[in-house]
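Undergrad:
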Amino acid sequence: MEFETRAIHVGQEPDEQTGAVMPPIYATSTFAQIRPGETRGYDYTRSGNPNFTRLGRTLASLEGGRHATVFANGMAAITAVISTLSSGDLVLAEENVYGCTFRIFARVFEKFGVRVQYVDFTERASLDSIAREAPALVWLESPTNPMLKILDIAAISRVASAQGIPVLVDNTFASPYFQRPLELGATLSLSSTTKYVNGHSDCLGGVVVTNDDEWQEKMLFAQKAVGLNPSPFDAWLVQRGVKTLALRMQKHHANALAIAERLEGSRAVKWVRHPFLPSHPQYEVARRQMHGGSGIVTLELDADLERTTAFVSGLGIFALAESLGGIESLVDHPASMTHASIPRPEREKVGIFDGLVRLSVGIEDVDDLIGDLDRGLRHAGLPGLAGGAA
1 MEFETRAIHV
11 GQEPDEQTGA
21 VMPPIYATST
31 FAQIRPGETR
41 GYDYTRSGNP
51 NFTRLGRTLA
61 SLEGGRHATV
71 FANGMAAITA
81 VISTLSSGDL
91 VLAEENVYGC
101 TFRIFARVFE
111 KFGVRVQYVD
121 FTERASLDSI
131 AREAPALVWL
141 ESPTNPMLKI
151 LDIAAISRVA
161 SAQGIPVLVD
171 NTFASPYFQR
181 PLELGATLSL
191 SSTTKYVNGH
201 SDCLGGVVVT
211 NDDEWQEKML
221 FAQKAVGLNP
231 SPFDAWLVQR
241 GVKTLALRMQ
251 KHHANALAIA
261 ERLEGSRAVK
271 WVRHPFLPSH
281 PQYEVARRQM
291 HGGSGIVTLE
301 LDADLERTTA
311 FVSGLGIFAL
321 AESLGGIESL
331 VDHPASMTHA
341 SIPRPEREKV
351 GIFDGLVRLS
361 VGIEDVDDLI
371 GDLDRGLRHA
381 GLPGLAGGAA
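Numbering (the numbering used here), first residue to last: 1 to 390.
1. GLN250 and GLY205: beta carbons closer than 9 Å?
2. State whether the segment 148 to 156 contacts the segment 217 to 233, with contact taken as three or more CB pairs (one from each stretch) at a distance under 8 Å.
3. Helix, strand or coil: how does DSSP classify ALA93 here?
4. For ALA27, which residues from the same chain have a beta carbon less than 6 Å from its beta carbon, with the 5 sequence-adjacent residues on both sides left out?
5. In angstroms, rounded to a whole number, what distance separates the CA positions of PHE52 and THR5?
6. From PRO343 to SER192, what distance separates their C-alpha atoms?
7. Rounding to the nearest angstrom, what Cα-Cα distance links GLY11 and ALA20 in this structure?
8. Between ASP120, TYR196, GLY241 and ALA80, which lies nearest to PHE109 when the distance is taken from Cα to Cα?
9. Cutting at 7 Å between CB atoms, please list the residues of its own chain near ALA258, excluding the five before and the five after it.
10. Give, in chain order, every unbroken run of the beta strand (DSSP E) that is at least 3 residues long and sits entirely within the segment 107 to 133.
11. With distances taken Cα to Cα, identify the nearest neighbour of GLY241 among TYR44, CYS203 and PHE31.
12. Just to check, is the beta-carbon of GLU214 closer than 8 Å to a non-hydrogen atom of the ligand SAM?
13. If you run the structure through DSSP and keep just helix, strand and coil, what is GLY206?
14. Since SER189 is in the beta strand (DSSP E), which residue starts that stretch and which ends it?
15. Verify the CB distance criterion: does LEU92 have a CB-CB separation below 9 Å to chain D?
16. Considering only residues of the same chain and omitting the five flanking positions on each side of SER313, which have a CB-CB separation below 8 Å?
17. Going by alpha carbons, who is nearest to GLY137 out of ARG288, LEU85 and GLN289?
Have a look at this one:
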């Protein structure tokens, strides 16, 4: 079956007992047992629930994996993976990781002796560092948040796998519709399903997908032992949302690329990035490993903090909010919002300056969105987009 069909049918068969086309929400904390220790497959929702099983089957299929463990949110999924490490273990991580990933490494797991070394995985020298440092885990994001760097997942995975080193890819920005890390050689594909997979900004979720049986057992243990599972209702909502993933991602991509092309010609913008914009530094890698550029556009305004703040605060359709991947358009100021937990020197090292803006482009009419950006620029006293005002 093709992706669109699997998103609707795998793990979403009609309910066996009633024939309900939409599987029910199993809103229960515990399950009656046949005899002591003899269950019908479930005993306690922290250990498992039919909604988790169904969603896991769907997401494993879409990622091209054998196993999927669902979590309460993306950070719960990240916590599950890091919890498998021991004191003294080294994580070799992409330097432009999500701000909350940086925070949990620095403020939680480094206290327990897990070491983290950040490298620029777009540089060829980073491949040498895998052999030299022999990390317990290689941690990638592609595209990265918020700089949209594209990492060569296949090349990095080849080097790591030759030495038996597992590779994790945070696939949140691409979604399995546009990129499938396991097919490129990664060991683990992690996503915040809060974002594109659910797509409606109405619940939280996370997932780790793998083909490795041992890693799957580790994820299930972490989910149960630490209590990282979602609620049955949230799992059901993600299951509902993923049905339209393919349709939504096509529109996200088309709108985002059109906006990036328009912004690239603006005198108010120093630079703009979208993975499928030919000016992107890793454009060729993106075209090779992604089926589309997704819906995020990152730009740096030729403006100070005051004017940048005026721009993001002056938009009407784009809501000033954290998160991304919903059907509605959002604007984020990373330096003061999503990446504020990263000290300024580290932020600026990877390019997160006060003029940086991240757009999560929704599926609204693209001309309305361009008009909104034009009005926001003019509100901030910056040159508008030619022909952009509605």
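The beta carbon of each residue, even a glycine, is placed where N, CA and C say it ideally should be.
TA: Let me lay it out:
1. no
2. No, because fewer than three Cβ pairs between the segment 148 to 156 and the segment 217 to 233 fall closer than 8 Å, the two stretches do not touch.
3. strand
4. Taking C-beta separations shorter than 6 Å and ignoring five residues to either side along the sequence, the partners of ALA27 in its chain run PRO232, following chain order.
5. 20 Å
6. 24 Å
7. The straight-line gap from Cα to Cα measures roughly 14 Å.
8. ALA80
9. VAL366
10. 115 to 119
11. CYS203
12. Inclusion of the ligand SAM in the displayed structure is not the case, the ligand content being empty and no account of it being possible.
13. strand
14. 188 to 191
15. The displayed structure is made up of one protein chain only, and chain D is not part of it.
16. LEU320
17. The question names Gly, yet the displayed sequence has Leu at residue 137. Cα-wise, what sits closest to LEU137 is LEU85.
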